[in-house]
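In full-length UniProt numbering, the protein residues as written are 1 to 526. Heads up, the beta-carbon is just placed ideally off N, CA and C, and yes, glycines get one too. Comments concern the structure below.
Put into structure tokens, the structure is as follows:
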């Protein structure tokens, strides 16, 4: 598909002027200033490159800046190498990758298990799918074993030939595949630390960290891994992968997980990806009231990280690593526990909110109330909101702990006179500040998520013209325990039946208008 000058200009306008210039020294603001003149030239350049399947070497050089992650500052493995690319390279990448992404989504090529770098999906959608699967299993009295798989330097170790073959399997063929072969070859990097620049080094594997293509290329590279998993459910966000199996018979779960993990090990070897068995963890998830699960000896639930050589020898005289079981694990930013009750994550959110509260105590003296409210959304609301549609379904007593801290924060956003007027019921502060309390925000997020979907929405039909029929109420399903009350099949009808705007037809097409109306209704009915 040919690129037009208007497409190039649109991409240029979207570039952030704060980004550092690449090795050629060209700044984003320079390109933006000349966008009218340079857009036709770049469009013609991109079309020629794609037609011939070539990419010039001058645009393949990058500056590497190491960004500290954690651990000792003296260990190089504790730094993430971020590639600072040429502005021209970024423009070309954004246009080409944009067309590829559209092709992949239009033809539904990527596995449904993958949530990374896809439109309408995110870490929260991956967590929501995972939590729904676990809650449904626990509601049915089943046990689960989850493996949280860790890869060594996933983006840095990709073999280019294997990557190009994976792209071919995804439908990226012909001149476009040749263009990516040229794009990946003859790349050079130069490290920059404290103004000191190192010598050029050739790059023979991996994709540039910080590039537009990197994430999409990786997603295509690992797309086939879901095909080797036949007994378990897979949840993926780029290189974060979780494999889960469920059953009332834990021996069946163990067998399924071990079999699929062996298949993943073989796949990783064949596709040039290295599994880190020491950081790959297991978790036995079950209800605290499941007597069968409580009496199980975990030593009998061993999951072994067989090497490829061991699997090739059919596990003869095996001395491979046994994966370590954890009672809790941080997966995509949320603390997962063996009883799946979110107590540890709520505790973590509360601790971080207390830190924010200390900052508010100092800031209230120097900032205007309107500015302080902006700070609230930046520091406090962002903490509460991340993953709330998942962990917000926990016990009311846990949610109350967060709400108490939320009230203490909101009290800083009003005058002393307003605070004194609400001293008998601080819940009145939320409508005044136009901030949703946490329990209402959970309903708000669920309502928005399923407003445009027909999933979990079965209208109650009676033989007679009762008020319930006229109101178009949704059918509430029966569940076995409190885990069932956290599933979508239970919560979606429950939330929508409470709010008329969520049931009304025709639907509100503008999402911004829906958000405003729903928020106003939830604040008014407090």
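For residue 148, which of helix, strand or coil comes out of DSSP?
Three-state DSSP puts residue 148 in a strand.
Looking at residue 594: is its Cβ nearer than 8 Å to the Cβ of residue 394?
Nothing about residue 594 can be reported from this structure: the residues present for the chain run from 1 to 526 only.
Can you give the Cα-Cα distance for residue 27 and residue 438, rounded to whole angstroms?
Cα to Cα, residue 27 sits roughly 43 Å from residue 438.
Locate the alpha helix (DSSP H) running through residue 530, then write down its first and last residues.
Limits of the chain in this structure are 1 at one end and 526 at the other, which puts residue 530 out of reach.
Should residue 345 be labelled buried (16 or more other beta-carbon atoms within 10 Å of its own) or exposed?
Residue 345 is buried by the Cβ-count criterion.
Mark residue 447 as exposed unless 16 or more other C-beta atoms lie within 10 angstroms of its C-beta, in which case mark it buried.
So residue 447 ends up on the buried side.
Just to confirm, are residue 410 and residue 430 a CB contact at a threshold of 8 Å?
Yes, the pair counts as a contact, with Cβ atoms nearer than the cut-off.
Would you call the segment 282-300 and the segment 335-343 touching, i.e. three or more CB-CB distances under 8 Å?
At 8 Å Cβ cutoff, the stretches touch.
Leaving out five residues on either side along the sequence, give the residues of the same chain with a beta carbon under 7 Å from the beta carbon of residue 72.
Excluding sequence neighbours, residue 72 sits near 78.
Which residues share a DSSP beta bridge with residue 328?
Residue 328 is bridged to 337.
Give the range of the beta strand (DSSP E) segment to which residue 62 is assigned.
Element bounds for residue 62: 61-68.
Looking at the secondary structure, which residues open and close the beta strand (DSSP E) in which residue 236 lies?
233-237 is the extent of the beta strand (DSSP E) around residue 236.
Quick check: residue 162 and residue 225, are their CB atoms within less than 8 Å of each other?
Not in contact: residue 162 and residue 225 (Cβ atoms no closer than 8 Å).
What is the DSSP secondary structure of residue 320, counted as helix, strand or coil?
Residue state, collapsed to three classes: coil.
Pull up the CB-CB distance for residue 364 and residue 426, whole angstroms please, since I reckon it's below 8 Å.
With 8 Å as the limit, residue 364 and residue 426 do not qualify as a contact, their Cβ atoms being about 17 Å apart.
To the nearest angstrom, how far is the alpha carbon of residue 362 from that of residue 435?
Cα-Cα distance, rounded: 22 Å.
What does the alpha-carbon distance come out to for the pair residue 329 and residue 129?
Rounded to the nearest angstrom, the two C-alpha atoms are 17 Å apart.
Measure the CB-CB distance between residue 149 and residue 15 and report whether it falls below 8 Å.
In this structure, residue 15 does not lie closer than 8 Å to residue 149 by Cβ.
So, at 7 Å on beta carbons, what are the nonlocal neighbours of residue 94 in its own chain, with the 5 sequence-adjacent residues on each side left out?
Correct list, in chain order: 11, 212.
Compute the beta-carbon to beta-carbon distance between residue 277 and residue 323, rounded to the nearest angstrom, for a pair I have assumed lies under 8 Å.
Right, the Cβ-Cβ distance comes to about 7 Å (below 8 Å), so this counts as a contact.
With distances taken Cα to Cα, identify the nearest neighbour of residue 515 among 451, 326, 182.
Per the Cα distances, 451.
Measure the alpha-carbon distance for residue 504 versus residue 402 and round it to whole angstroms.
Straight-line Cα distance between these residues: approximately 32 Å.
Taking the Cβ atom as the reference point for each residue, do residue 384 and residue 245 lie within a distance shorter than 8 Å?
Taking 8 Å as the Cβ cut-off, residue 384 and residue 245 do not qualify as a contacting pair.
Going by DSSP, what residues sit across from residue 114 in a beta bridge?
Its beta-bridge partners are 236.
If you draw a straight line from the alpha carbon of residue 232 to that of residue 34, how long is it in whole angstroms?
Distance between the alpha carbons of residue 232 and residue 34 is about 53 Å.
Given 8 Å as the limit, is there contact between the segment 18-27 and the segment 79-91, that is, 3 or more CB pairs closer than that?
Judged by Cβ distances under 8 Å, the segment 18-27 makes contact with the segment 79-91, as three or more pairs qualify.
How would you call residue 58, buried or exposed, if buried means at least 16 neighbouring beta carbons within 10 angstroms?
Its Cβ having fewer than 16 others within 10 Å, residue 58 is exposed.
Using three-state DSSP, classify residue 282 as helix, strand or coil.
In the structure shown, residue 282 sits in a strand (DSSP, three-state: E or B).
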